[in-house]
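Numbering (the UniProt record's numbering), first residue to last: 1 to 959. In what follows, a structure is listed as structure tokens, so that the remarks can point back to it.
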């Protein structure tokens, strides 16, 4: 290429590249400067938000301390107890206080609410903490910054309780700066900021390093009388938009210049390629002959032939002037080609044919002829295919022999397919395996596939590199709709240039082999009696879950479950009964877990359960539900009925580095503690204190219940009772209660009722339910007209509360709701335990017209003598007998007996936990008066029902 051509081809693209690159570099610089200003503005806004949050935090707690001082009693028999209670409440309500201290008028510490160092700081003067009251105005807080032995900074503030009467002493408070700033700053400042908070010359908190080349925002902050400085810098993004624009712009400029260069270069090469075309014709492997049409249009004259044509045909045959095309074809014994040649010249459509020649003028046995129109004549291309023809014949003979060989394969078939995945060949034995004919399978291969492995692309990649891949399995639907697994062993097929042209191999039916492998694997990993994981498989699953916990930093829970009374069943009824019990218990456990939970039988009557992504505290409702399920389970064998319980040891799986074996041991130990504590319960393992975690949860629940009572965060629900063998006389339902937490979510009674009973709060809840129920009814007199009975539950401790009884009687005397429309429910256990108190309570309210129902009858297995001597109107049969009524004969007999005895005493019967229509029909056949359960009506809020259409025909709902 000449020098001028070189300049034209390269000079213009280079100029365009320089201009475009300069433009994009300028735009990148401008965008970067704008981005820097945006980061500075963002840092300033966040700094103001953080400063405001810190100042509000400090102001709230100063105000709370002042409120505490204002409410300080002039006289109290035990001011320390008063201070401890109120200061502790203040610390709970407003987190952030490290400690709250009371000092005497001499400014020496009397009491600290922090038990960790309460005794060590008594009588220490407040001045030791840097507090200077002389420099502080009356009524204002003295403040000081202190660095303790743990190298953490604390802010101390203090003030006289009454600045004008110092005999009450002083109240001081300390704030852990690290914890406070972590809460205040962490909510607003993400990881994309560098931050520092300083008090004078002391740096209180810092994260990341400031980039000295970037602007820093300094925001003054006032915290509890201290003047702080908040320094904030928005981190520079790892990928700068300006830099990205500049880089992409340069790349785009390069591409534009490159493509322009290519286009110019192609244009200059066009002339060169045309010159080379003639040379290519002479070097072609085929014979090329060009014929001109004669004037009359019925024949052609040879005007040009290349070197290959001269070698293929004899010299006399190529005499230009001696013979027209028709004469030459006669000498070659190919007269039949004359008409196609004329047709090509006339229509322009090409013609192709393979012929065998016997003329001595042609040095080939088999030739392939192509005729195309060329201007006013035709061009004839002739290729010697003699060698290819004989090779093809040999190949077909070899292929026929190969087909005869592969068609007799048993359980295997031979296949071949192209690089596009289209099947080009499959042996007849595929019919014996899949039921499809070879032709149908070739054309519809993809329609037969059920699933194929995800590694199929990797297999294709290995074949392209000339590597024979490992066998893989594809699942097919057979012609009969069955599923077969076929193992493929692919082999690459290359041409002479070592280019992959096809894939061939052997397919083998491995369906039975895989089924046998799955069976063996299942037996090796599952307990034969229950079908659950065995100990070996569970250990492997537990180690996997530990890896997940370590990676996700999200705790899980391991439960060790030991069945109570299993030995009694084994010894009483034999091992066959014990095996059946284990099968039923495993089914019971499986019904209570989710798909992601891991359950295994690891011993005779021992099970292990892993609850993924649930810490021990989060798992407690699940554990309680599991215990209730097992407690309600009845195992019947012959004439014997057993109540089965369970003790559960619980250990949290966290990132503490404990092995699977150590976790199982810990859970086993906790299970032992549960058994020692009375069985049929769970115990959470704590290496330091086995009871502290549970105790803290109890105290938190007690506080939540008290707060809910104070804030009126309970809601009345109701559940209807369907008359089964009694006439409809009006609306009847049972009043239920739900606690509403601070987020507005319902708390199940199964959680807060046991805590309330244990800590003496049940009477307050009963009082709340009674008063709000009666108030609601009084506000809806049209509903009361349709009401037959409204049932209200009472706890056992309430039965002995004379003050509660007096309140009920007084309220009923002044209420517009008739007493005979109310029915109080008491449990069988509570009634029998407090028999004399229960009789007094019942007799007092029955005298006003109220009725009573004996709830959960049968669960306590008390004597029917108590029922005979107790003035109740309804007997509610415990749901544990009703739930499996259709499947459990013993439950059926028990329910029927309770009904017949109660009826003989002229008491109505109510069946609890009616969950399906089959149970309802059986209860009707027995003559049970009423039914209650989800199949008849689920619990629902009371107020919407009271406001509903009072004109609807009432249905009888009795409790």
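Glycine residues also receive a C-beta, built at the ideal position from the N, C-alpha and C atoms. Quick caveat: nothing in here was measured; it's all calculated off a predicted structure.
{"Asked": "Three-state secondary structure (DSSP) of residue 473", "Found": "strand"}
{"Asked": "Beta-carbon proximity check, residue 929 vs residue 722, cutoff 8 Å", "Found": "no"}
{"Asked": "Proximity to residue 421 [Cα-Cα], best of 384, 413 and 504", "Found": "504"}
{"Asked": "Collapsed DSSP secondary structure at residue 41 in the structure displayed", "Found": "helix"}
{"Asked": "Where residue 625 sits in the DSSP three-state scheme", "Found": "helix"}
{"Asked": "Three-way DSSP call (helix, strand, coil) for residue 953 in this model", "Found": "For residue 953, the predicted structure reports a pLDDT of 42, less than 50, and the residue's modelled location is therefore unreliable. The matter cannot be settled from this model."}
{"Asked": "Three or more C-beta pairs below 8 Å linking the region 375–382 and the region 289–299", "Found": "yes"}
{"Asked": "Beta bridge counterpart(s) of residue 718 as assigned by DSSP", "Found": "735 and 940"}
{"Asked": "Residue 28 - DSSP class collapsed to helix/strand/coil", "Found": "helix"}
{"Asked": "Bridge partner(s) assigned by DSSP for residue 930", "Found": "723 and 910"}
{"Asked": "Under the three-state DSSP convention, the category residue 115 falls into", "Found": "coil"}
{"Asked": "Continuous beta strand (DSSP E) stretch holding residue 606: start and end", "Found": "606–611"}
{"Asked": "Classification of residue 673 by the beta-carbon crowding that lies within 10 angstroms, buried from 16 upward", "Found": "buried"}
{"Asked": "The region 787–805 touching the region 731–747, judged by at least three CB pairs closer than 8 Å", "Found": "yes"}
{"Asked": "Pair within 8 Å by beta-carbon distance, residue 528 and residue 598", "Found": "no"}
{"Asked": "Beta-carbon proximity list for residue 19, same chain, < 7 Å, skipping 5 on both sides", "Found": "none"}
{"Asked": "Buried versus exposed, by CB contacts within 10 Å (16 or more), residue 194", "Found": "buried"}
{"Asked": "Length of the line joining the Cα atoms of residue 813 and residue 847", "Found": "12 Å"}
{"Asked": "Segment limits, alpha helix (DSSP H) that includes residue 774", "Found": "762–778"}
{"Asked": "Other residues of its chain near residue 583: CB distance less than 8 Å, five sequence neighbours each side excluded", "Found": "529 and 530"}
{"Asked": "Bridge partners - residue 97, DSSP secondary structure assignment", "Found": "175"}
{"Asked": "When 602, 884 and 183 are compared against residue 918, the one with the closest alpha-carbon", "Found": "884"}
{"Asked": "Sub-8 Å separation of residue 143 and residue 236 beta-carbons", "Found": "no"}
{"Asked": "Among 869, 882, 218 and 575, the one whose alpha carbon lies nearest that of residue 907", "Found": "869"}
{"Asked": "First and last residue of the uninterrupted beta strand (DSSP E) at residue 892", "Found": "Careful: residue 892 lies outside any beta strand (DSSP E), inside the alpha helix (DSSP H) at 889–904."}
{"Asked": "Segment contact flag, the region 353–362 with the region 333–341, C-beta cutoff 8 Å, min 3 pairs", "Found": "yes"}
{"Asked": "Straight-line Cα distance separating residue 148 from residue 693", "Found": "Low per-residue confidence applies at residue 693: pLDDT is 47, beneath 50, and the placement is therefore not dependable enough to give any value."}
{"Asked": "Where residue 274 falls: helix, strand or coil (DSSP)", "Found": "Low confidence applies to residue 274: its pLDDT is 49, below 50, so where it sits in the model is not reliable, and the reading given next is rough at best. The answer is helix: DSSP assigns residue 274 an H, G or I state."}
{"Asked": "Whole-number beta carbon distance between residue 623 and residue 648, since they are thought to touch under 8 Å", "Found": "6 Å"}
{"Asked": "Every unbroken alpha helix (DSSP H) within the region 341–411, with a cutoff of 4 residues, ordered by chain", "Found": "386–406"}
{"Asked": "Where residue 958 falls: helix, strand or coil (DSSP)", "Found": "For residue 958, the predicted model reports a pLDDT of 32, less than 50, meaning its position is unreliable; a value from the coordinates is still stated below. The answer is coil: DSSP assigns residue 958 none of H, G, I, E or B."}
{"Asked": "Cβ pair count under 8 Å reaching 3, the region 156–173 against the region 129–139", "Found": "yes"}
{"Asked": "Between the CA atoms of residue 815 and residue 51 - distance to the nearest angstrom", "Found": "57 Å"}
{"Asked": "C-beta atoms of residue 881 and residue 895 nearer than 8 Å", "Found": "yes"}
{"Asked": "Residue 671, DSSP secondary structure in three states", "Found": "helix"}
{"Asked": "Contact check, residue 253 vs residue 17, beta carbons under 8 Å", "Found": "yes"}
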